[in-house]
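Chemist: Would you mind keeping the following structure in view while I ask a few things?
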């Protein structure tokens, strides 16, 4: 599947990670990419919110992995899907 994005985006390291993510999720079309991305964004946001509530008041870096994943998914939504 070919993605119509700016040349600078294609050269970024995140784009290579995105291509691996697409392959791992077996995305075949742009519509399927949108569905998978929306579901993954919602699921990750819910997990992050639940983790924050359970760790409220502590200085914990447990949420860092979820926050990084959420940032990546938002980047995909902003730079590739739109």
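Numbering (our numbering), first residue to last: 595 to 676. Ideal Cβ positions, reconstructed from N, Cα and C, are used throughout, including at glycine.
#1: Between the alpha carbons of residue 603 and residue 630, how many angstroms are there, rounded?
#2: Taking Cβ to Cβ, would you say residue 660 is nearer than 8 Å to residue 632?
#3: Name the residue from 600, 606, 598 and 601 whose alpha carbon lies nearest to the alpha carbon of residue 666.
#4: Between which two residues does the alpha helix (DSSP H) carrying residue 630 extend?
#5: For residue 596, tell me which candidate among 624, 645 and 620 has the shortest Cα-Cα distance.
Modeler: Taking the coordinates as given:
#1: Within the chain shown, numbered from 1, the residue matching residue 603 stands at position 9. Within the chain shown, numbered from 1, the residue matching residue 630 stands at position 36. Cα to Cα, residue 603 sits roughly 21 Å from residue 630.
#2: Taking the chain shown and counting its residues from 1, one reaches residue 660 at position 66. Taking the chain shown and counting its residues from 1, one reaches residue 632 at position 38. Not in contact: residue 660 and residue 632 (Cβ atoms no closer than 8 Å).
#3: For the purposes of this step, residue 666 is taken as the residue at position 72 of the chain shown. Comparing Cα-Cα distances from residue 666 to each of 600, 606, 598 and 601, the minimum goes to 606.
#4: Within the chain shown, residue 630 is the residue found at index 36, counting from 1. Start and end: 624-648.
#5: Numbered from 1 along the chain shown, position 2 holds the residue referred to as residue 596. Here the closest residue by C-alpha is 624.
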